[in-house]
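Trainee: I'd like to ask some things about the structure below.
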Amino acid sequence: EPEVTQTPSHQVTQMGQEVILRCVPISNHLYFYWYRQILGQKVEFLVSFYNNEISEKSEIFDDQFSVERPDGSNFTLKIRSTKLEDSAMYFCASSEGREAFFGQGTRLTVV
Amino acid sequence: AQSVSQHNHHVILSEAASLELGCNYSYGGTVNLFWYVQYPGQHLQLLLKYFSGDPLVKGIKGFEAEFIKSKFSFNLRKPSVQWSDTAEYFCAPFDSWGKLQFGAGTQVVVTP
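Here the protein sequences line up with chains A and B, keeping their order. Using the numbering used here, the letters of the first sequence map in sequence onto residues 21 to 131. Using the numbering used here, the letters of the second sequence map in sequence onto residues 8 to 119.
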């Protein structure tokens with residue numbers, strides 16, 4: 021069964037460093053998403069991506085965040101200069117338009 | 008504005024008790040409805056989903072949910088919970104613009 025895969029599963033980075041979280045969506049899907057979940061809190065929407073551009077973004081998704089679909093298969097989330105409060109689980113999802121399928125997440129720890 | 012509301016943030020109950028978690032949404036157009044579960048330390052898993060048709064949908068592990076269009080509700084139920092149902096449960100409408108929005112979640116603790 022097709023699935024969304026995310027790498028790495030866990031990343032530790034120093035404050036101020038750039039990180040790139042990678043996702044491989046399901047191949048025939050057209051919509052792509054990033055969500056994050058700070059420990060003990062709810063799942064928050066960050067950004068949606070359709071037709072090679074951002075279709076919607078939340079207030080959380082400020083200038084330090086960017087997304088890219090560099091090669092038609094990967095879907096990446098870049099955080100330019102990480103802060104301690106960026107520590108969270110980041111989930112990628114893809115959709116054919118009716119249902120979202122989630123990856124297993126990347127746990128980002130900023131120290 | 009689109010919104011989703013889960014009524015209970017924290018529920019504690021004993022094994023074999025019945026569980027009902029409330030979810031209300033506020034969306035203008037067509038919406039598909041989902042419940043996700045997150046077991047301690049694990050990722051999100053789909054519990055059940057509703058697209059159309061029979062408003063009573065059955066999911067995994069004995070869970071079911073009822074869509075009541077007039078009340079904009081999609082409540083989750085399980086007649087008899089087990090200790091292994093201890094988890095966080097998220098209601099998540101998926102709107103016609105392709106956005107999945109999560110409720111705040113309900114932490115369910117089942118005591119032996």
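Don't be surprised by glycine CBs; every beta carbon is placed ideally from N, CA and C. All of these numbers come straight from a predicted model, not from anything done at the bench.
Note down the Cα distance separating W54(A) from A113(A), rounded to an integer number of angstroms.
Mentor: Looking up residue 54(A) in the first sequence gives position 34. Looking up residue 113(A) in the first sequence gives position 93. If you take the alpha carbons of W54(A) and A113(A), they lie about 6 angstroms apart.
Trainee: Compare the beta carbon distance of K62(A) and A111(B) with 7 angstroms and say whether it is the shorter of the two.
Mentor: Locating residue 62(A) in the first sequence gives position 42, counting from the first residue. Locating residue 111(B) in the second sequence gives position 104, counting from the first residue. Result yes, Cβ atoms of K62(A) and A111(B) sit closer than 7 angstroms.
Trainee: Roughly how many angstroms separate the alpha carbons of T37(B) and S59(B), rounded to a whole number?
Mentor: Numbered from its first residue, the second sequence carries residue 37(B) at position 30. Numbered from its first residue, the second sequence carries residue 59(B) at position 52. The straight-line gap from Cα to Cα measures roughly 10 angstroms.
Trainee: Does F109(B) have its Cβ less than 7 angstroms from a Cβ in chain A?
Mentor: As a position in the second sequence, residue 109(B) is number 102, starting the count at 1. Yes, F109(B) lies at the interface with chain A (some Cβ there is under 7 angstroms from its Cβ).
Trainee: In whole angstroms, what separates the C-alpha of E116(A) from that of V44(B)?
Mentor: By 1-based counting over the first sequence, the position of residue 116(A) is 96. By 1-based counting over the second sequence, the position of residue 44(B) is 37. C-alpha separation (whole angstroms): 21 angstroms.
Trainee: Indicate, with yes or no, if the ligand NAP has a heavy atom lying under 6 angstroms from the CB of Y32(B).
Mentor: The model on display carries no ligand, and the ligand NAP is accordingly not part of it.
Trainee: Considering only the beta carbon of each residue, do I99(A) and V39(A) sit closer than 7 angstroms?
Mentor: Position 79 of the first sequence, counted from the start, is the residue given in the question as residue 99(A). Position 19 of the first sequence, counted from the start, is the residue given in the question as residue 39(A). Their beta carbons are under 7 angstroms apart, which means I99(A) touches V39(A) by this criterion.
Trainee: Does the stretch 22-30 of chain B come into contact with the stretch 85-100 of chain A, if we say contact requires no fewer than three beta-carbon pairs (one atom in each stretch) closer than 8 angstroms?
Mentor: Touching, no, given that fewer than three Cβ pairs across the two stretches are closer than 8 angstroms.
Trainee: Can you tell me which of K77(A), T25(A), E64(A) puts its alpha carbon nearest to the alpha carbon of S47(A)?
Mentor: Position 27 of the first sequence, counted from the first residue, corresponds to residue 47(A). Nearest C-alpha to S47(A): T25(A).
Trainee: Just verifying my parser: in three-state terms, what is the DSSP assignment at K77(A)?
Mentor: Position 57 of the first sequence, counted from the start, is the residue given in the question as residue 77(A). Of the three classes helix, strand and coil, the one that applies to K77(A) here is strand, per DSSP.
Trainee: Using 8 angstroms as the cut-off, can you tell me whether the stretch 93-107 of chain B makes contact with the stretch 61-76 of chain A, which would need three or more C-beta pairs spanning the two stretches below that distance?
Mentor: Yes: at least three Cβ pairs fall under 8 angstroms.
Trainee: Per DSSP, which one or two residues make a beta bridge with T27(A)?
Mentor: The count along the first sequence starts at 1 and reaches residue 27(A) at position 7. Per DSSP, R42(A).
Trainee: Pull up the DSSP beta-bridge partners for S114(A), would you.
Mentor: Sequence index remark: in the first sequence, residue 114(A) carries index 94 (1-based). Per DSSP, F52(A), F121(A).
Trainee: Go ahead and label M109(A) buried or exposed: buried means 16 or more other beta carbons lie within 10 angstroms of its beta carbon, across all protein chains shown.
Mentor: Numbered from its first residue, the first sequence carries residue 109(A) at position 89. Answer is buried; the Cβ neighbour count reaches 16.
Trainee: Counting pairs of Cβ atoms below 8 angstroms between the stretch 78-96 of chain B and the stretch 42-57 of chain B, do you hit three or more?
Mentor: The stretch 78-96 of chain B vs the stretch 42-57 of chain B: in contact.
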